[in-house]
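There are 2 protein chains.
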Amino acid sequence: MPKTSDHFAAAELARLCAAKGLRHAVISPGSRSAPLVIAFNAQEGIQCLQVIDERSAAFFALGMAQQLHAPVVLICTSGSAVLNYGPAIAEAFYQRVPLLVITADRPEEWVDQGEGQAIRQQGVLALHMKRSVQLPRNANDDLSRWHCGRLINEAIDATLLPVPGPVHVNVPFAEPLYGTSEAIGGTRFIAPVMTESFILPEHARWLTGQLSASKKVMVLAGQGIWSDGMRKQLVQLASLPQVTVMTEATSNLDDATFITTIDRTIEGITDDNETDLKPDLLITFGGAIVSKRIKGLLRNWKPAQHWNVDLGQRHYDTYQSLTHDIAVSPEVFFAQLSGSVIASESIYRDAWRMVDERIAKAHERILVEAPFCDLVVFEQLLQRIPANSDVHLANSTPARYAQLFQRTRGQRWFSNRGTSGIDGCTSTAVGATFATEKATTLITGDTAFLYDSNAFWNEHLSPHLRIIVIDNGGGNIFRYIDGPDKNAELLPWFEAPHGRDPMALARSFDLPCYEVKDMASLKAGLEQLYNAHEKPAVLVVRTDAEVSPKVLREYFKKLKA
Amino acid sequence: MPKTSDHFAAAELARLCAAKGLRHAVISPGSRSAPLVIAFNAQEGIQCLQVIDERSAAFFALGMAQQLHAPVVLICTSGSAVLNYGPAIAEAFYQRVPLLVITADRPEEWVDQGEGQAIRQQGVLALHMKRSVQLPRNANDDLSRWHCGRLINEAIDATLLPVPGPVHVNVPFAEPLYGTSEAIGGTRFIAPVMTESFILPEHARWLTGQLSASKKVMVLAGQGIWSDGMRKQLVQLASLPQVTVMTEATSNLDDATFITTIDRTIEGITDDNETDLKPDLLITFGGAIVSKRIKGLLRNWKPAQHWNVDLGQRHYDTYQSLTHDIAVSPEVFFAQLSGSVIASESIYRDAWRMVDERIAKAHERILVEAPFCDLVVFEQLLQRIPANSDVHLANSTPARYAQLFQRTRGQRWFSNRGTSGIDGCTSTAVGATFATEKATTLITGDTAFLYDSNAFWNEHLSPHLRIIVIDNGGGNIFRYIDGPDKNAELLPWFEAPHGRDPMALARSFDLPCYEVKDMASLKAGLEQLYNAHEKPAVLVVRTDAEVSPKVLREYFKKLKA
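Residue numbers (our numbering), protein chains in the order written: chain H, 2 to 562; chain D, 2 to 562.
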């Protein structure tokens, strides 16, 4: 038997994680966590990865888990280390990414007793955890060993069922911390038997009937990664005259018959066609919707029926119109229903397509004439980013710009839209690329890139990662939101004029980096960027802080014209 | 009347903060927080400072408030921004630094409804807040305006009374966010009338009697900044034969009659003198104690009486010996008692002094012979850091080394010993120096320095700040703790071998920086460092990762010899 930690809880955590198929532990250095470090390093089947800054480590793990569709273990020491996980945990909670967060603790008896690195760790992140458990410090009899094992089984399973998310396991350890012993084997493995929910036949019949009878059905896809089978079901639905399917980049559901550029297409709504475009029945599924405009529009329109399809019973009433909460997975929902829906007499699909085509043409015309600016840069990027590669969109300008372009080249799109924070976009992409070993591009802004400045502080940087930093001098997304422009003297407080060069940050990590500032150098820079590199390569694109928001405002005005 | 935000809660927060004497607001950029940005910028008497990374911003504010002994306002937008405050909040909670944490929020009705940047903010950091309040979104009638004003008064006062700490004010705002209006004046100012607690005379007499009768009284001072009057009371106490006063750097109480180098002095305890050195009565006060050795020793010794003096009724039983919880401020306690204590027949004071002097001589001998290493570097630093300046000690190696040297040059010593995290040591020093405009030196390690890499990402860097980074290749403090050295292959998991150069980080911010690696260059480097600079200057001292822990182990062995 191999040597592991002589702390039962640590050894058992490592053993059961491996038994349940977890393969990676992202560990930040520390002392109290020594039993976990020993146990996970001794555990066959688990790869340990070191990331020093816990804030970055948690986003790194999130990026991995997002790609692997499997829980990744996070391990840190006691004290404020745990709190640095906070931002990524909230993101994982809302984005539904499975993380098993194992935090070493002092014995709970010592909390608030003047011990160093002892804080109130039990449940400290519970508001954004699916579950928070406290393991026993001394599992020295059968009852407490049973308790410890049962809690570990439960915690690991809770990262995935019924929907994925973060789970907190807090483990107090008393000194000595560094002892090892033969693995004592341990508690039972409790197997989670996989289940699937279906809609009861009589309800399914009613739903199909509604879909077949309705004249105006809008399907709006939130964030997610879906099976090709489901995409085909949606294509089938979208072939019906009464159905329009709307998707965003992060929906990862593109088809020529869908409306895939919501933010620009809805600019084509006029007093004349609004009645034709309003849905009677709205069907939503998946995670976050990026478009603020579609949210505002649907809240105004208030469709007569809104079905939200979500296994986790999230009960989102985003459009203040929810009438049916359908607690099955979207995959099941469309598989069960879409084949049985029959065409109704309707112009709904075609009304939306007409608008979409008209706006698409206007978009082309405007882009041809536009000067070098963020919008034009995005057009170039989306043409040049390798086909079938992965793209991560940082918050929030890149995530918004990406909605304005058609996506036709088979990329998968990711973004931290659970909480829409800028705090870990780079670390997430670094972790994701480590997991996939696949060509990946992060499109980010100067502020988000500089914020997550420890993202490259680890030994797990993939040469497949490319980072494009659009440096417009600090988040001028605010300049095209109504309001901030009216308080010009306060603009610096909404933006982030940082006086710091993204190139200097890239250089401080010895990353290959390039800098461009006009169309010719952008094209050349993109070629350099996508050459082979041994490390993640960075392209900084300088755009004018005044021109870009101005062009965007004009863009939306001209679309309408 | 000047224009302020048309959101009542925002305007009222700014007005009451100013009325209660708050002078600084540290603001991170964002959109939802616009009403707060407008109101605080419009508020006479309050200076607004921008720090982009919320994790760094909160430590920056903590550094300011620690120096000003007054609450500093923190303002951020909704979402994960708030969670980035977590580490500094826990530090402020345990270090008792007053912070008014104002977080903008979406209307609470939209939480968990698919809105971007909406998380469960209400009370999200409550475990380490003295209080968490939620302001009403619509203060549109007298009752809700009264409620809003009362909560704000209460929250601001709670940052200081009865003991300082962080308080959370969560403020939901509905759009539009950017509107302004004349200040509508508002609710009542509720004045906190200052009070002071004294020990009841009959209890004070009993305590004085105990002190006068006891043969062996140890006074152990935790972290804090105290009045000169109190220091004199302690000197008076220390003149009694039955009293020994022990202080650490961060106690900021030094006197030739105190034991000020606990960690080295207690190495002089032997089987022969242990009985003479054990206290019968232990008196403790103040914040954290750095020395793990004194904690372990006192837990073993278990004095017959342990009085903890703390106005906040912290009820710390750090030594598992607590017999009296004395809920007055230490200032009051010593003022009330120390003049009345009479000398008892005792060798206690002199027994400790003998040990202290013997060990001091051994210390000198060892240092003379030691090769260039962390210990020797510290000796040099403590001689060269300007007299009467401020010194910040990062966690955890610098905070520990500083305990081994006598401090005779009038510096004040600070360290984030509330949670002993490495996450914000630099940002704290940056904020503190901004507040004091006083010569300040941060002594830090390579890992802590690299971790808090956004500390210089603001426009408020004082030219009075100097940073000394002892680069020993990643936290080899673990090499002299028993245990990790027995698992050599696991060492990288306890330390943080980072493959990253502190010089590159300093250069990326255009900070003047110098690099030294032996005694001669160290002396020259220190001269350069303390020359005038326009920005914080950085000195990186390279020490050998093998030599330093070896010397330290030998040091403790030789002290005993």
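For every residue, glycine included, the Cβ atom is placed at its ideal position computed from N, Cα and C.
From the options, residue whose alpha carbon lies closest to that of residue i
i      : options                           : result
H/G422 : H/D7, H/A400 and H/L283           : H/A400
D/E547 : D/V541, D/L492 and D/N139         : D/L492
D/P503 : D/A538, D/A239, D/A436 and D/K524 : D/A538
D/I444 : D/A352, D/R97, D/L540 and D/R410  : D/L540
D/E176 : D/K233, D/W111, D/V236 and D/K439 : D/W111
H/L152 : H/P165, H/V134 and H/G166         : H/V134
D/M355 : D/N396, D/D424, D/A336 and D/F259 : D/F259
D/D357 : D/A489, D/I270 and D/E183         : D/I270
H/L527 : H/A336, H/F199, H/R385 and H/Q114 : H/R385
D/L506 : D/W458, D/E496 and D/L530         : D/W458
D/G230 : D/E438, D/F190, D/G425 and D/V333 : D/V333
Residue i, DSSP secondary structure in three states
i      : result
H/N309 : strand
D/G150 : helix
H/M247 : strand
D/H393 : strand
H/I468 : strand
D/S133 : strand
H/Q224 : coil
H/K217 : coil
H/D143 : helix
D/L1   : Chain D is shown only over 2 to 562; residue 1 of chain D falls outside these bounds and no answer can be derived.
D/I260 : strand
D/V369 : helix
D/R401 : helix
D/K303 : coil
H/C374 : coil
Cβ shell of residue i (< 7 Å), same chain only, five flanking positions each side left out
i      : result
H/I343 : S213
D/A395 : I423, C426, L443, I444, T445, G446 and A449
Interface partners of residue i on chain D, CB under 9 Å
i      : result
H/L451 : I53, D54, N455 and W458
Contact set for residue i: own chain, Cβ-Cβ below 6 Å, skip 5 residues either direction
i      : result
D/L161 : P99
D/L299 : Y320
D/N455 : D54 and S57
D/C49  : A26, I28, F41 and N42
D/K1   : Only positions 2 to 562 of chain D appear in this structure, which leaves residue 1 of chain D out of reach.
H/R543 : D472 and K518
D/A159 : K131, R132 and V168
H/S6   : A12, P36, I39 and A40
Under 7 Å by beta carbon: chain D residues contacting residue i
i      : result
H/H129 : I120 and R121
H/V125 : L128
H/L506 : S509
Cutoff 8 Å; reference residue i; Cβ partners in own chain excluding five residues on either side
i      : result
H/C149 : F9, A10, E13, L136, P137, A140 and T188
H/L23  : I47, A71, P72, V73, V74, L101 and I157
Per-residue contacts from residue i into chain H (C-beta, under 7 Å)
i      : result
D/S81  : P88, A91, E92, T420, G422 and D424
D/Q294 : This sequence places Arg at residue 294 of chain D; Gln is not what is there. Those within 7 Å of D/R294 in chain H number zero; the least Cβ separation is about 13 Å.
D/V102 : Going along chain H, no residue has its Cβ under 7 Å from D/V102, so there is no contact; the nearest lies around 14 Å.
D/I290 : G115
D/L84  : G87, P88 and A91
Residues that residue i contacts on chain H, provided the C-beta gap is smaller than 9 Å
i      : result
D/P493 : P30 and Q51
8 Å Cβ cut-off: residues of chain H touching residue i
i      : result
D/F500 : According to the sequence provided, residue 500 of chain D is Gly. The question's Phe does not apply to it. The contacting residues are E460.
Cross-chain neighbours of residue i in chain D, by beta carbon under 8 Å
i      : result
H/E275 : Those do not exist, as H/E275 stays about 22 Å from chain D at its closest Cβ, beyond 8 Å.
Check: residue i C-beta below 6 Å from any heavy atom of the ligand GDP
i      : result
D/Q407 : The model depicted lacks the ligand GDP and carries no ligand whatsoever.
Counting pairs of Cβ atoms below 8 Å between the region 467-474 of chain D and the region 447-456 of chain D, do you hit three or more?
-> Contact holds: three or more Cβ-Cβ distances are below 8 Å.
Below 8 Å, can you find three or more Cβ-Cβ pairs linking the region 249-266 of chain H to the region 354-365 of chain H?
-> The region 354-365 of chain H and the region 249-266 of chain H touch, with three or more beta-carbon pairs separated by less than 8 Å.
Would you be able to state if there are at least three C-beta pairs under 8 Å between the region 102-116 of chain D and the region 433-444 of chain D?
-> Contact between the region 433-444 of chain D and the region 102-116 of chain D is absent, because fewer than three Cβ pairs lie under 8 Å.
Decide if the region 213-224 of chain D is in contact with the region 377-388 of chain D; the criterion is three or more beta carbon pairs, one per stretch, under 8 Å apart.
-> Contact between the region 213-224 of chain D and the region 377-388 of chain D is absent: fewer than three C-beta pairs spanning the two stretches fall below 8 Å.
Count the C-beta pairs between the region 404-419 of chain H and the region 385-395 of chain H that are closer than 8 Å, then say yes if the count reaches three, no if not.
-> The answer is yes - the region 385-395 of chain H touches the region 404-419 of chain H, with three or more Cβ pairs under 8 Å.
On the three-pair Cβ rule with 8 Å, is the region 513-528 of chain H touching the region 59-70 of chain D?
-> Segments in contact, no.
Is it true that the region 87-98 of chain H meets the region 248-258 of chain H, where meeting means three or more beta-carbon pairs spaced less than 8 Å apart?
-> Taking a contact to require three or more Cβ pairs closer than 8 Å, the region 87-98 of chain H and the region 248-258 of chain H do not qualify as touching.
Using 8 Å as the threshold, is the region 118-125 of chain D in touch with the region 549-559 of chain H, meaning 3 or more CB pairs across them?
-> The region 118-125 of chain D, when compared against the region 549-559 of chain H, does not touch it at the 8 Å Cβ threshold.
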